[in-house]
Amino acid sequence: MQKIILDTDPGIDDAIAICYALNHPQLEVLALTTIYGNVATELATQNALRLCELNKHTVPVATGASLPLKIKPNPVADFVHGANGFGQIELPAPSLEPTSFSAAEMIVDTINKYPEEVTLVAVGPLTNLAIALELDPEIAQKVKEVVVMGGAFHRNGNVSEHAEANIWNDPHAAQQVFTADWPLVVHGLDVTYQISFSADYLEKIAAKSHNVGGFLREAAKFYSEFYKSQHNFDGCCPHDQLALTYLCHPEWYSLESGSLDVVTEGEAIGKTTIQSNENSNKSIATKVNREALLKEYTEVVSRAA
Ligand code: RIB
Ligand code: CA
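Per numbering that gives the first Met the number 0, residue 0 is the first one in the sequence shown, and the count goes up by one each step.
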């Protein structure tokens with residue numbers, strides 16, 4: 000079993016990723032930590048708890064930062080994920096409660112408890128990771144690996160010509176995470192746009208698991224409307240899932256190693272770049288085995304209660 004902490008802003012593609020993480024036989028989710036982005040942080044926490052209950056898993060959920068480190072906050076992405084983060088599909092109010100620790104404290108404590116065993120996976124803005132590094136810089140040497148969904152290295156962004164949403168929402172945090180001395184793999188739009196969940200595929204997921212798959216199919220309708228109107232294609236991109244599948248099947252991905260950088264001001268704010276270097280402990284994903292990812296996702300969701 001791989002121990003992971005999943006830092007997330009649920010969010011429909013976050014929900015897709017969380018349902019996978021909670022049902023994968025190789026993953027042990029030690030905590031979900033929450034962040035603003037698709038929704039405000041408080042709602043992200045409630046949504047993470049709702050998804051735990053939907054999946055019948057009790058996992059500690061810790062609330063994260065509500066603001067970026069230095070910039071004025073951008074508006075939440077309700078036009079992509081709906082005002083409730085789940086495409087206006089309502090899950091019951093959770094009876095579980097968040098922990099009294101903050102997300103950054105949870106990250107620091109958990110990595111110190113299991114040195115070299117924990118993979119930190121972040122699929123929202125990177126503020127909590129930057130605060131955790133400030134709280135205890137030694138976690139960089141103790142974490143097993145950091146895996147991020149964010150950035151657009153060899154292509155345009157999705158919130159501006161230059162920037163991808165997670166990095167744009169807190170470029171200063173991203174710069175700290177990208178330059179800390181820890182092993183890092185980043186899944187940017189270069190690889191995440193290679194996968195889409197079509198309406199037919201979402202039907203298959205729903206057929207495998209009425210509860211979890213059925214919820215994902217319904218929530219993804221709103222998200223798919225966004226893709227239809229903005230990109231004129233049928234289906235939606237499960238961006239965050241690319242980081243999760245990588246944990247269990249790195250052999251399905253091609254990587255490029257190098258030092259990473261983030262533009263923190265000006266017109267290109269949030270732009271991410273890579274300078275190739277085979278000896279770097281940082282890399283970006285450039286290609287994924289599409290068929291294998293889609294097939295495995297249905298198998299994992301079919302394990303859901
Ligand atoms: O750009 C895609 C990312 O932004 C994903 O993490 C999605 O959930 C949104 O937060
Ligand atoms: Ca996300």
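Cβ atoms here follow ideal geometry from the backbone N, Cα and C, with glycine treated the same way. Since we're looking at a predicted model, the values are computed, not measured.
In this structure, ligand 1 has no non-hydrogen atom nearer than 7 angstroms to the beta-carbon of Gly84.
Beta-bridge analysis with DSSP links His209 to no other residue.
One alpha carbon belongs to Ala284, the other to Gln274, and they sit about 14 angstroms apart.
Bounds of the alpha helix (DSSP H) holding Tyr19 are Ile11 to Asn22.
Exclusion of the five residues before and after Pro91 leaves Arg49 and Glu52 as the residues of its chain whose Cβ lies within less than 8 angstroms of its Cβ. The secondary-structure analysis by DSSP pairs Met105 with nothing; it has no beta-bridge partner. Beta-bridge partners assigned by DSSP to Asp260: Thr272. In this structure the stretch 170 to 186 lies against the stretch 147 to 160, because at least three pairs of beta carbons, one per stretch, are closer than 8 angstroms. In this structure, Ala14 lies near Leu215, with their beta-carbon atoms less than 8 angstroms apart.
Between Thr44 and Thr57, the CB-CB gap reaches or exceeds 8 angstroms. Bounds of the beta strand (DSSP E) holding Glu144 are Glu144 to Met148. When DSSP reads this structure, Gln193 sits in no beta bridge, so it has no partner.
Phe85 counts as buried, since at least 16 other C-beta atoms from the protein chains shown sit within 10 angstroms of its C-beta.
Cα atoms of Thr178 and Glu133: separation of roughly 13 angstroms, rounded to the nearest angstrom. Taking 8 angstroms as the cut-off, the Cβ atoms of Val287 and Trp251 count as close. Residue burial is scored here from C-beta neighbours: Asp8 has at least 16 other C-beta atoms within 10 angstroms and is therefore classed as buried.
Here Lys281 is bridged, per DSSP, to Leu183. Residues Pro170, His171 and Gln174 of the same chain have their beta carbon placed closer than 7 angstroms to that of Thr263, with the five preceding and five following residues left out of the count. At a Cβ-Cβ threshold of 8 angstroms, Ala102 and Thr33 count as neighbours. Nearest to Leu128 by C-alpha distance, out of Gln1, Asn276 and Trp181, is Trp181. In this structure, Thr118 has its beta carbon at no less than 7 angstroms from each heavy atom of ligand 2.
Residue state for Glu89 is assigned as coil, using DSSP reduced to three classes.
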